[in-house]
Every structure is written in structure tokens, then in C-alpha cells.
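>
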Amino acid sequence: MVTRTQKEWDFSEDEVFHFGKGIPGFEQCTKYVFYKHDEDFSLLQSIENKDLAFIVTNPFSFFQDYEFELPAQDRDELNINDKSEVGICTIVTWGDDLSNVTANLMAPLVLNVKERLGKQVVLNNSRYTTKHPLLKKKAGQAKDGEINASIEP
22 MVTRTQKEWD FSEDEVFHFG KGIPGFEQCT KYVFYKHDED FSLLQSIENK
72 DLAFIVTNPF SFFQDYEFEL PAQDRDELNI NDKSEVGICT IVTWGDDLSN
122 VTANLMAPLV LNVKERLGKQ VVLNNSRYTT KHPLLKKKAG QAKDGEINAS
172 IEP
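For the sequence shown, my numbering assigns the number 22 to the initial residue and increments by one for each residue that follows.
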């Protein structure tokens, strides 16, 4: 598969995650593969649309206190019987300015890693938002317009 980023990736069928209802806003695409970018970020690439990919991250790397209760309906839909089968990632919005890099903690991607099923779950009535900043401010002042922040877990 040649993707929008012009990288060619090979994958096997056992690497494909099936999102039965797609991802909200992209319901027509239901099959995705993960490609690790670095230790913090991966691409979730549609195999049905080479121009559709999401930057994702493990939210627990950035937000150690992140937690939520997965509703029974979602557990059933994803065929989750044990917490060892669960994987969580969040979609990251990346802008030109590092201070605008955010994670959607209100709607995590919940995965059944055993059966390769996925769903974006909207956490109603939660304290989370769709735009949690990933940056940690560094002590001190920026010089000459430099951004004094970093992306660190």
C-alpha cells in the first residue's frame, strides 16, 4: 500500500483492526493498521483509503491519571471478556505550532487486541475534552521567540 505520505507499507491480514462502524466522520472506512512512528506516536492508517490516517498515542504515556469506565454495551460490541484484551489509544491533533498539539481524551479508540476489533468510544459526562494539550512547559523563559515546551511523557 502506498499512503498519502508516499511511504509504502506491507501488512498482513492479521495486523488489520476492524472498526465495525468506522470512526465517527469516517464511517465508510472500517479497516485500519497501526504503523509505529516513534516511541510515543503511531499512525492509524486506513487500508481502504490511502489518504486517511490518524496520528495516535497511548494516553497513559502523557496522562498517568487518565481513567474511564468502559460501558457494558461497548465491551459487548468489542467482545471484551478480560482487561488483558484491551488496548487504548487517542487521536492526536498536530498543528504547525507545538503548543497546539492535543489529544482527544473524550473519545478514545478502544481496541480488542486479541480479536483485532476497534471502536471510538465517546465518554459522555466525563471530565475530559477533545483537546487536551500534550505539552509540558519547561521552566525558564523562551529566548528570541523560541517555543519553550516539549512533548514528553
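For each residue, glycine too, the CB sits at the ideal point set by N, CA and C.
Since the structure is predicted, the reported quantities are computational estimates derived from the model, not experimental observations.
Specify, as a first and last residue, the run of the alpha helix (DSSP H) that residue 82 falls within.
Here the question's residue 82 lines up with position 61 in the sequence shown. Per DSSP, residue 82 belongs to the alpha helix (DSSP H) from 80-83.
> At what residue ranges does the segment 28-91 contain a whole run of the alpha helix (DSSP H), taking only runs of 4 or more?
Runs of the alpha helix (DSSP H) inside the segment 28-91: 80-83.
> What do you get for residue 42, buried or exposed, if any count of 16 or more other CB atoms within 10 angstroms of its CB means buried?
Stepping through the sequence shown from its first residue, residue 42 is reached at position 21. Classification for residue 42: exposed.
> What do you reckon, are the CB atoms on residue 143 and residue 124 nearer than 7 Å?
Residue 143 sits at position 122 when you count from the first residue of the sequence shown. Residue 124 sits at position 103 when you count from the first residue of the sequence shown. Contact: no.
> Starting from residue 133 and walking both ways along the beta strand (DSSP E), at which residues does that stretch end?
Start at 1 with the first residue of the sequence shown, and residue 133 comes out as number 112. Where residue 133 is concerned, the enclosing beta strand (DSSP E) stretches over 130-133.
> Using only the alpha-carbon positions, how far apart do residue 97 and residue 64 sit?
Residue numbering aside, residue 97 sits at position 76 when the sequence shown is read from its first letter. Residue numbering aside, residue 64 sits at position 43 when the sequence shown is read from its first letter. Rounded to the nearest angstrom, the two C-alpha atoms are 26 Å apart.
> Closest to residue 44 by CA distance: which of 32, 66, 57 is it?
By one-based count along the sequence shown, residue 44 stands at place 23. It is 66 whose Cα lies nearest to the Cα of residue 44.
> Using a 10 Å radius around the Cβ and a threshold of 16 neighbouring Cβ atoms, would you call residue 164 buried or exposed?
Position 143 of the sequence shown, counted from the first residue, corresponds to residue 164. Because residue 164 carries a pLDDT of 46, less than 50, the predicted location of this residue cannot be relied on, and the following value inherits that uncertainty. By the neighbour-count rule (16 or more Cβ atoms within 10 Å), residue 164 is not buried but exposed.
> Quick check on DSSP: helix, strand or coil for residue 140?
Numbered from 1 along the sequence shown, position 119 holds the residue referred to as residue 140. Looking at residue 140 - three-state DSSP - the assignment turns out to be strand.
> Let me make sure I understand the geometry here. Which of 33, 126, 60 has the alpha-carbon closest to that of residue 52?
Along the sequence shown, read from residue 1 onward, the residue named residue 52 stands at position 31. Ranking the options by Cα distance to residue 52, first place goes to 33.
> Just how far apart, CA to CA, sit residue 134 and residue 107?
Indexing the sequence shown from 1 puts residue 134 at position 113. Indexing the sequence shown from 1 puts residue 107 at position 86. Rounded to whole angstroms, residue 134 to residue 107 spans 6 Å at the Cα level.
> By how many angstroms is the C-alpha of residue 109 removed from the C-alpha of residue 132?
Locating residue 132 in the sequence shown gives position 111, where the first residue counts as 1. Locating residue 109 in the sequence shown gives position 88, where the first residue counts as 1. The alpha-carbon atoms of residue 132 and residue 109 are separated by roughly 6 Å.
> What residue does the beta strand (DSSP E) around residue 114 start on, and which one ends it?
Position 93 of the sequence shown, counted from the start, is the residue given in the question as residue 114. Where residue 114 is concerned, the enclosing beta strand (DSSP E) stretches over 107-114.
> Return the chain-ordered list of same chain residues with a C-beta closer than 6 Å to the C-beta of residue 70, the five sequence neighbours on each side being excluded.
Indexing the sequence shown from 1 puts residue 70 at position 49. 50.
> Classify residue 246: buried if its beta carbon has 16 or more other beta carbons within 10 angstroms, exposed otherwise.
Outside the shown range of the chain, which is 22 to 174, sits residue 246, and nothing can be said about it.
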